[in-house]
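Participant: Could you have a look at this structure, given as structure tokens, before my questions?
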Amino acid sequence: MSLLLVLGVIAVAQAAFAAMLTAFVVVRRERLLRRLAREETGRARLRVPLAQWLVGSGTVEPVVIGMRELPDDSALAFASELHDTRVPRALHAHFGAAMRGESWVRWSLAGVSSRRWWRRLDAARALGIVGTHVDADLLRPLLGDRHPAVRLAAMQALAAVDDPGLIRIAVQRYPAEGLAVRQFTTNTLRTVWRLAEEPLCAALMSDASPLDVASWLSLAELLNLPSLRPAITARVTHPSPEVRAAAARALRRYPHEESVDAVRALLDDPQDYVRAAAAQALGALRAVDVQPQLVRGLSDHAWWVRFRCALSLALLGESGRAALRLARQSPDQFAREMAAMVSGLADGAVLELADG
Amino acid sequence: MTHALLQTFAALDWSILVYFILLNSFYAFLLLLSFPELWTHFQLADDVYFARVLSTDALPPISVLVPAFNEEVTIAASVLSFLTLEYPRHEVVLVNDGSTDRTMEELVRAYDLYEIPPAVQRTLPTASVHAVYRSRTHSRLLVIDKDNGGKADALNAAINAARFPYVIACDADTLIEPDALLRLARPFLLERDIAAIGGTIRVVNGCRVEHGRVVDARVDGRWLPGCQTVEYLRAFLFGRLGWNRLGGNLIISGAFGLFARKYLLAIGGYQTGNVTEDMDLAVRLHLHLREQGIRAAMPFIPDPVAWTEVPSSMKILHRQRERWHRGLIGMIWERRRLLFNPRYGAVGMVALPFYAFGEMLAPVVELVGYLGLILGLFLGAVDTSFAVAFLAVAMGFGILLSVWAIVLEEVTFRRYDARRDVWRLFFFALVEGLGYRQLTVLYRLHAFWKVMRGDRGWGVMQREGFARPSTV
Chain A
166 MSLLLVLGVI AVAQAAFAAM LTAFVVVRRE RLLRRLAREE TGRARLRVPL
216 AQWLVGSGTV EPVVIGMREL PDDSALAFAS ELHDTRVPRA LHAHFGAAMR
266 GESWVRWSLA GVSSRRWWRR LDAARALGIV GTHVDADLLR PLLGDRHPAV
316 RLAAMQALAA VDDPGLIRIA VQRYPAEGLA VRQFTTNTLR TVWRLAEEPL
366 CAALMSDASP LDVASWLSLA ELLNLPSLRP AITARVTHPS PEVRAAAARA
416 LRRYPHEESV DAVRALLDDP QDYVRAAAAQ ALGALRAVDV QPQLVRGLSD
466 HAWWVRFRCA LSLALLGESG RAALRLARQS PDQFAREMAA MVSGLADGAV
516 LELADG
Chain B
8 MTHALLQTFA ALDWSILVYF ILLNSFYAFL LLLSFPELWT HFQLADDVYF
58 ARVLSTDALP PISVLVPAFN EEVTIAASVL SFLTLEYPRH EVVLVNDGST
108 DRTMEELVRA YDLYEIPPAV QRTLPTASVH AVYRSRTHSR LLVIDKDNGG
158 KADALNAAIN AARFPYVIAC DADTLIEPDA LLRLARPFLL ERDIAAIGGT
208 IRVVNGCRVE HGRVVDARVD GRWLPGCQTV EYLRAFLFGR LGWNRLGGNL
258 IISGAFGLFA RKYLLAIGGY QTGNVTEDMD LAVRLHLHLR EQGIRAAMPF
308 IPDPVAWTEV PSSMKILHRQ RERWHRGLIG MIWERRRLLF NPRYGAVGMV
358 ALPFYAFGEM LAPVVELVGY LGLILGLFLG AVDTSFAVAF LAVAMGFGIL
408 LSVWAIVLEE VTFRRYDARR DVWRLFFFAL VEGLGYRQLT VLYRLHAFWK
458 VMRGDRGWGV MQREGFARPS TV
């Protein structure tokens with residue numbers, strides 16, 4: 166076969182392929198538009214029965230029947246959105262029980278051991294909607310899935326499954342998770358806080374690595390459970406600066422005399438980020454008694470400590486603001502500049518920066 | 008003599024054919040690699056779960072860096088669009104880079120700025136900073152007024168002042184979609200250690216823009232912007248996604264890219280006096296990570312979108328493409344020690360050789376091909392049927408790649424709603440190879456001429472502005 170013939174064949178094949186792709190795009194677009202229109206109609210039909218059920222003047226059955234008209238994947242997406250944003254928490258169990266036998270739920274749960282991560286994700290989401298304590302075994306492997314998106318959805322399903330063993334696993338896994346999965350774990354643990362208290366308290370007092378303890382301290386800060394305060398306070402004397410800083414940050418959510426006393430000592434910590442965390446916490450705790458130490462912190466050699474001290478002074482009300490005004494005349498250039506910068510901020514800006 | 012001439016042309020034919028096959032096979036390989044990447048991103052892009060996660064405080068705070076030079080007309084609206092981006096925690100660090108118009112006065116008026124002591128760290132050297140301002144109305148805005156030092160210098164000043172661990176470099180005249188920061192931060196959700204993330208740049212020409220936002224994405228019906236729309240789709244939807252898999256993504260767009268501040272500081276920030284500072288920065292980052300043994304990723308993700316205006320006149324397109332190519336030549340020359348150096352992994356063994364031989368030298372090879380063809384036909388040394396068949400295959404492959412890019416756009420993000428726009432994309436994919444491509448070859452060849460003359464200027468990029476009524 167000559168080179169010319171080969172080139173000719175390639176040219177014809179290319180033209181045919183390009184024409185095929187063009188036809189694919191056109192046909193697919195038309196089909197997609199039709200499918201979207203059908204889905205929109207299906208969703209529109211659901212509006213009235215859904216509204217009636219949500220306000221208590223109808224039953225959930227018409228909603229369940231209406232959802233049968235949607236394709237399985239669309240029904241799952243619709244149910245997820247509905248479950249998380251519109252169905253009151255008190256009706257979650259009722260909604261899940263009504264959906265349990267539906268084909269889209271069976272289709273979703275069939276993906277629990279799939280090799281494709283997006284099918285496992287579907288399963289985790291479905292468990293978040295219809296899951297109960299009997300589904301603990303289905304959910305357990307998904308909590309440790311290798312894809313973070315699946316773990317994230319599985320963490321959310323924890324609240325529906327409500328199993329003490331799984332909650333313990335979630336708490337233990339917390340330090341190993343990325344930011345987003347942690348965020349969802351935290352949100353879930355807030356709703357099942359009674360089951361989370363004991364394993365978290367044990368974790369805080371454990372001899373685990375400093376980074377793990379620091380992570381649990383940040384979880385304790387976010388959960389804000391009064392029963393955890395003694396365990397957090399005990400950690401301000403930990404040998405690791407990471408843990409001390411995390412303890413200071415956590416204590417800002419636990420207003421108590423003991424919290425102020427514990428954090429005050431950290432203002433003299435050798436590590437600058439611990440001092441910065443302590444200064445920030447004292448502002449959040451509105452620790453007016455510590456004002457002289459915060460003023461002294463305006464001359465700290467670390468920028469972040471000076472910044473946090475200045476913001477905390479601004480949070481202490483008129484006396485703190487007066488101290489900042491006075492610091493603008495300070496012989497120390499660091500203190501003068503930082504006080505000038507923070508004094509100019511509006512109250513809203515101070516709150517925003519201080520919380521950041 | 009005739010025999011020798013025939014042999015020369017035969018050798019030329021074969022050389023160009025082999026170059027063509029190698030280059031296009033590599034493009035086809037990139038295309039194949041882009042499929043799994045695109046699929047993963049498509050699965051996550053419009054997911055309600057992730058949309059919710061991304062709007063919580065699970066993401067790291069980001070500083071948006073905006074260098075501005077003589078932008079008095081648009082600066083207030085631009086800053087507002089950056090301040091109102093959907094992201095849980097971000098600040099805007101704007102650098103007035105020695106504007107000679109009323110940019111600074113406009114900022115002071117619009118945002119009630121007050122001067123603060125320059126209590127910012129100065130890790131990177133920059134041109135002299137006159138003053139630092141905060142806003143009484145927007146606590147997340149910081150403005151730095153400095154001497155003119157160019158875009159790279161302004162960005163370095165902004166990096167110095169940034170508070171947060173990640174920074175995004177943006178052009179003041181780039182329109183960023185409100186949710187683009189959230190989407191750009193998706194790799195954090197997937198728990199990857201990130202050095203930089205690139206997002207997609209799309210063509211705003213022809214789109215309807217209201218209050219600094221693209222409200223209706225359209226394809227410009229004019230030849231130049233239309234061809235560039237297809238070109239951008241091709242470059243972003245499979246070119247860069249394919250490079251993700253190879254680990255050699257060399258371009259994080261200067262108009263819209265996220266960086267870990269600590270790595271920018273470690274490599275000394277942007278290099279001033281460079282005409283394509285974004286590519287230079289990406290290469291230096293790769294080198295730094297490689298040399299330090301840091302396993303941080305530099306992915307490109309396709310769905311965060313920023314819109315930019317592309318040249319609609321040949322004169323401006325000429326300047327832009329000549330400058331881009333000059334930057335590429337300069338970068339390859341400066342980093343020539345990395346070529347085929349296994350120490351630098353995919354960057355040294357694949358990405359840089361590709362950019363050197365497949366991108367930098369492509370216009371030279373193409374010119375030689377055209378000249379050889381014309382001369383060969385004139386002298387009777389090249390068979391006409393072979394020439395026609397070869398040209399058909401070469402152009403056909405270009406069209407096929409563009410059509411693939413349109414298919415990828417359609418099956419994933421589908422930003423263009425109107426059928427007419429899809430047809431326009433197909434039309435421009437078809438005609439791009441007739442005239443537009445040859446034009447850009449000439450512009451890129453001009454870059455070689457300028458490099459030999461030692462020209463280092465930027466040229467002026469005139470814009471029509473976003474307020475122009477849509478052409479559709």
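Residue numbers (my numbering), protein chains in the order written: chain A, 166 to 521; chain B, 8 to 479.
Don't be surprised by glycine CBs; every beta carbon is placed ideally from N, CA and C.
On a predicted model such as this, the values are computed, not experimentally measured, just so you know.
In chain B, what lies closer than 8 Å to Arg193/A by C-beta?
Facilitator: Neighbours of Arg193/A on chain B, chain order: Glu417, Val418.
Participant: Of all the options Pro329/A, Ala345/A, Val346/A, Leu344/A, which has the alpha carbon lying nearest to the alpha carbon of Leu365/A?
Facilitator: Cα-wise, what sits closest to Leu365/A is Pro329/A.
Participant: Straight-line CA distance for Ile175/A to Val400/B?
Facilitator: When rounded, the distance between both Cα atoms is 7 Å.
Participant: Quick check: is the beta carbon of Arg143/B nearer than 8 Å to any beta carbon in chain A?
Facilitator: At least one chain A Cβ lies under 8 Å of Arg143/B.
Participant: Determine the direct distance from the alpha carbon of Asp180/B to that of Ile82/B, and round the result to whole angstroms.
Facilitator: Between Ile82/B and Asp180/B, the C-alpha separation is close to 8 Å.
Participant: So the alpha helix (DSSP H) Ile381/B belongs to, where does it begin and stop?
Facilitator: Ile381/B -> alpha helix (DSSP H) spans 369–386.
Participant: Let me check understanding here. Comparing Cα to Cα, which of Leu431/A, Ala244/A, Thr250/A lies closest to Arg265/A?
Facilitator: Closest by alpha carbon: Ala244/A.
Participant: For Ile294/A, is the classification buried or exposed, using 16 other Cβ atoms within 10 angstroms of its Cβ as the cut-off for buried?
Facilitator: Counting Cβ neighbours within 10 Å, Ile294/A comes out buried, since at least 16 surround it.
Participant: For a cutoff of 8 Å on Cβ pairs, would you count Gly513/A as touching chain B?
Facilitator: Taking Cβ atoms only, chain B reaches closer than 8 Å to Gly513/A, which makes this a yes.
Participant: Quick one: which residues of the segment 380–396 of chain B get their C-beta closer than 8 Å to a C-beta of chain A? List them in chain order.
Facilitator: Residues passing the 8 Å Cβ filter: Asp390, Ser392, Phe393, Ala396.
Participant: Which stretch, first to last residue, makes up the beta strand (DSSP E) that contains Val71/B?
Facilitator: Here the beta strand (DSSP E) through Val71/B covers 69–75.
Participant: Output, in sequence order along the chain, the residues in the segment 333–349 of chain A whose CB is closer than 9 Å to any CB in chain B.
Facilitator: The segment 333–349 of chain A vs chain B, Cβ under 9 Å: Glu342, Gly343, Leu344, Ala345, Val346, Arg347, Gln348, Phe349.
Participant: Quick one: which residues of the segment 133–159 of chain B get their C-beta closer than 7 Å to a C-beta of chain A? List them in chain order.
Facilitator: Those residues of the segment 133–159 of chain B that come within reach of chain A (Cβ to Cβ, closer than 7 Å) are Arg141, Arg143, Ser146.
Participant: Given that a residue counts as buried once 16 or more other Cβ atoms are within 10 Å of its Cβ, and exposed if not, what is Lys153/B?
Facilitator: So Lys153/B ends up on the buried side.
Participant: Between the beta-carbon of Arg501/A and the beta-carbon of Ser508/A, is there less than 8 Å?
Facilitator: No. Outside cutoff.
Participant: Could you please give the first and the last residue of the uninterrupted beta strand (DSSP E) stretch that includes Asn281/B?
Facilitator: Unbroken run through Asn281/B: none, as it is neither H nor E.
Participant: Decide if Ile230/A is buried, meaning its Cβ has at least 16 other Cβ atoms within 10 Å, or exposed.
Facilitator: Classification for Ile230/A: exposed.
Participant: So with Cβ pairs under 8 Å, would you call Gly355/B a contact of chain A?
Facilitator: By this cut-off, Gly355/B is not an interface position.
Participant: For Tyr443/B, I'd like the list of residues in its chain whose CB is within less than 6 Å of its CB, leaving aside the five on either flank, ordered along the chain.
Facilitator: Hits under 6 Å: Cys234.
Participant: Could one say the Cβ of Gln50/B lies closer than 8 Å to chain A's Cβ atoms, at least one of them?
Facilitator: True, the Cβ-Cβ gap to chain A drops below 8 Å.
Participant: Going by the beta-carbon positions, is the gap between Asn167/B and Thr130/B smaller than 8 Å?
Facilitator: Taking 8 Å as the Cβ cut-off, Asn167/B and Thr130/B qualify as a contacting pair.
Participant: Between the segment 337–351 of chain B and the segment 308–326 of chain B, do at least 3 Cβ pairs fall closer than 8 Å?
Facilitator: Too few Cβ pairs lie closer than 8 Å, so no.
Participant: Under 8 Å between beta-carbons, which chain B residues line up against Thr187/A? List them in chain order, please.
Facilitator: What Thr187/A touches in chain B: Val410, Phe433.
Participant: Of all the CB atoms in chain B, is at least one closer than 8 Å to the CB of Glu517/A?
Facilitator: So yes, Glu517/A belongs to the interface.
Participant: To the nearest angstrom, how far is it from the Cα of Ala454/B to the Cα of Trp381/A?
Facilitator: Spanning the two alpha carbons is a distance of roughly 57 Å.
Participant: Under three-state DSSP, which class holds Val221/B?
Facilitator: In the structure shown, Val221/B sits in a strand (DSSP, three-state: E or B).
Participant: Who pairs with Tyr140/B in a beta bridge, going by DSSP?
Facilitator: For Tyr140/B, which the question treats as bridged, DSSP gives the partners Glu122/B, Val150/B.
Participant: Is the distance from the Cβ of Val460/A to the Cβ of Ala492/A below 8 Å?
Facilitator: Yes, Cβ-Cβ distance for Val460/A and Ala492/A is below 8 Å.
Participant: Taking only beta-carbon positions, decide if Ala314/A is within less than 8 Å of chain B.
Facilitator: So yes, Ala314/A belongs to the interface.
Participant: I'd like to confirm the pairing. Which residues does DSSP put opposite Trp250/B in its beta bridges?
Facilitator: In the DSSP output, where bridge partners are listed per residue, Trp250/B has none listed.
Participant: If I follow the unbroken beta strand (DSSP E) through Ala188/A, where does it start and stop?
Facilitator: Counting along the chain, Ala188/A falls outside any beta strand (DSSP E), though it belongs to the alpha helix (DSSP H) covering 168–219.
Participant: Does the beta carbon of Glu582/A sit closer than 8 Å to a beta carbon anywhere in chain B?
Facilitator: The shown model of chain A, from 166 to 521, leaves out residue 582/A, and the question about it has no answer.
Participant: From Asn281/B to Lys158/B, what distance separates their C-alpha atoms?
Facilitator: Approximately 10 Å between the Cα atoms of the pair.
Participant: Between Leu87/B and the ligand MN, is the CB less than 7 Å from at least one heavy atom?
Facilitator: Although the ligand MN was asked about, the structure shown includes no ligands whatsoever.
Participant: Which of helix, strand or coil does DSSP assign to Ile166/B?
Facilitator: Looking at Ile166/B - three-state DSSP - the assignment turns out to be helix.
Participant: In whole angstroms, give me the CA-to-CA distance for Tyr140/B and Met503/A.
Facilitator: Their Cα atoms are separated by approximately 14 Å.
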